[in-house]
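Peer 1: 118 is the number of the first residue of the sequence shown in the numbering used here; add one for each residue after it.
I am attaching a structure below and will ask some questions about it afterwards.
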Amino acid sequence: FFLGIFSVLFATLIFFVEDGKYDPYRMQWVREDGSPSPFESIPASLWWTIITMTTVGYGDHFPVSNLGQLVAVVTMIVALIVLSLPITIIGANFDEEYNEMRRQKAEEKADEAKRAAEAKRMEAKMGEGEGAPQ
Numbered sequence: 118f119f120l121g122i123f124s125v126l127f128a129t130l131i132f133f134v135e136d137g138k139y140d141p142y143r144m145q146w147v148r149e150d151g152s153p154s155p156f157e158s159i160p161a162s163l164w165w166t167i168i169t170m171t172t173v174g175y176g177d178h179f180p181v182s183n184l185g186q187l188v189a190v191v192t193m194i195v196a197l198i199v200l201s202l203p204i205t206i207i208g209a210n211f212d213e214e215y216n217e218m219r220r221q222k223a224e225e226k227a228d229e230a231k232r233a234a235e236a237k238r239m240e241a242k243m244g245e246g247e248g249a250p251q
């Protein structure tokens, strides 16, 4: 949930910071150096935001202005905070479940060993003739 909210927030920020100027002849947003801006719309900026927040960072889109680079750094830091907590909780839950499964298997093995020992003891008693009818 928070990842979605922050993704839209940072996509909007990077769009407004890095959009450049609209060139009606080329029908696209261009940067100050004349190159096309990859941040031509908020959905296009959302691509960059998600890639940056998940630390993949393909490098095909990147901010060039100082303010855009600041937004990129803040995006990365927020993503670390927003993603680290759920990942830690999920990992801890997996560990807890795995330990519970191991404990149950150990109990089952101990119960099986008890039953086998009891069966041997009963078999030994039967062999001595204590329980056999005469």
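The C-beta atom is built at its ideal place from N, Cα and C for all residues, glycine as well.
Here the structure is a predicted model, which is why all the values come from computation and not from measurement.
Taking C-alpha atoms, which residue in Q221, I206, P141 and M170 lies nearest to I122?
Peer 2: By one-based count along the sequence shown, residue 122 stands at place 5. For I122, the nearest C-alpha among the options comes from M170.
Peer 1: Since I believe T166 is in contact with F127 (beta carbons under 8 Å), could you give me their beta-carbon distance rounded to a whole number of angstroms?
Peer 2: For this step, residue 127 is matched to residue 10 along the sequence shown. For this step, residue 166 is matched to residue 49 along the sequence shown. The pair is a contact, with the Cβ atoms about 5 Å apart (cut-off 8 Å).
Peer 1: What whole-angstrom Cβ distance do S178 and P155 have, given they're in contact under 8 Å?
Peer 2: If you number the sequence shown from 1, residue 178 lands on position 61. If you number the sequence shown from 1, residue 155 lands on position 38. Reading off the sequence shown, one finds His at residue 178, where the question assumed Ser. Indeed they touch by this definition, with Cβ atoms about 4 Å apart.
Peer 1: I'd like to confirm the pairing. Which residues does DSSP put opposite W146 in its beta bridges?
Peer 2: Locating residue 146 in the sequence shown gives position 29, counting from the first residue. Answer by DSSP bridge pairing, in chain order: Y139.
Peer 1: Just mark F211 as buried or exposed, buried being the case when its beta carbon has 16 or more other beta carbons within 10 Å.
Peer 2: Translated into positions along the sequence shown, residue 211 becomes position 94. Burial call: exposed.
Peer 1: Would you say A189 faces chain D, with C-beta separation under 9 Å as the test?
Peer 2: In the structure shown, chain D cannot be found, because there is only a single protein chain.
Peer 1: State the beta-bridge partners of P153 as determined by DSSP.
Peer 2: In the sequence shown, counting from the first residue as 1, residue 153 sits at position 36. Its beta-bridge partners are V147.
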